[in-house]
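Trainee: Count the sequence shown with mature numbering (1 follows the signal peptide of the UniProt record, and there is no 0) and you get residues -19 to -1, 1 to 114, in order.
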Amino acid sequence: MATMMCILPLFNRSSLLCATNLLGYGLQEVRNYVGCRVIRDQKRRRWAKEYAEERLRLVALKRNDILPIEIKELAGKQITETIPRQTALRQLTPRCIVTSRGRGTIQRWRISRFIFRHLVDYNKMAGVQRAMW
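#1: Do R36 and I64 have their CB atoms nearer than 7 Å?
#2: Is I87 helix, strand or coil by DSSP?
#3: Are there 16 or more other CB atoms within 10 angstroms of the CB of L39, so buried, or fewer, so exposed?
#4: Compute the distance between the beta-carbons of T68 and W114, then report whether it is under 7 Å.
#5: With three or more C-beta pairs closer than 8 Å as the rule, is the region 15 to 25 touching the region 70 to 77?
#6: I need the DSSP call for I92, collapsed to helix, strand or coil.
#7: Output the distance between the C-alpha atoms of L55 and T86, rounded to the nearest integer angstrom.
#8: With 16 other CB atoms within 10 Å as the buried threshold, where does R98 fall?
#9: Return the chain-ordered list of same chain residues with a C-beta closer than 7 Å to the C-beta of Q88, the five sequence neighbours on each side being excluded.
#10: For L3, which three-state DSSP category applies?
#11: Please list, in chain order, all residues of the same chain as D102 whose beta carbon is under 7 Å from its beta carbon, the five residues on each side excluded.
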């Protein structure tokens, strides 16, 4: 067991991970970049996560029928002034993380239908089978 503990730190070195080139081992690089739309979508998702609690509270105050109109207006004003517009959930597009395609995305896996079919055809997704009858 002691020898195993001595060997394990050798595999955790960042230089080893950075220097690894998997293309020489039969793996083909198909897409070597991430689209700018994916980067923008990730940024919006990060902002939505940061501001989710505050936005939820203020929207609940704004939509409440029992509260006076002055409080509703203050909540609405605070939403527009302090919280970025991109944090709204309607701003998040279900986008493919492989091809950055905005349409035809299967939301459960966040990949487009073309990539989904390719992965299922070659049995790369666990628990998903192509329909045959």
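The beta-carbon is built from N, C-alpha and C at its ideal position, and this holds for glycine as well.
Please read all numbers here as calculations on a predicted model, not as lab measurements.
Mentor: According to the data block:
#1: Judged by beta-carbon spacing, I64 lies within the 7 Å limit of R36, meaning their Cβ atoms are closer than that value.
#2: Judged by DSSP in its simplified three-state form, I87 adopts strand.
#3: Classification of L39: buried, given that the 10 Å Cβ count is 16 or more.
#4: Judged by their CB atoms, T68 and W114 are not nearer to each other than the 7 Å cut-off.
#5: Counting Cβ pairs under 8 Å, three or more are found: they touch.
#6: Residue state, collapsed to three classes: strand.
#7: Cα to Cα, L55 sits roughly 38 Å from T86.
#8: It is exposed - the Cβ of R98 has fewer than 16 other Cβ atoms within 10 Å.
#9: Cβ-Cβ distances below 7 Å link Q88 to P75 in the same chain, with the five nearest sequence neighbours on each side left out; the list follows chain order.
#10: Annotation note: pLDDT 47 at L3 (below 50); position unreliable, coordinate value reported separately. Here L3 sits in helix by DSSP.
#11: Short of 7 Å from the beta carbon of D102, and not among the five residues preceding or following it, lie these beta carbons of its own chain, in chain order: R111.
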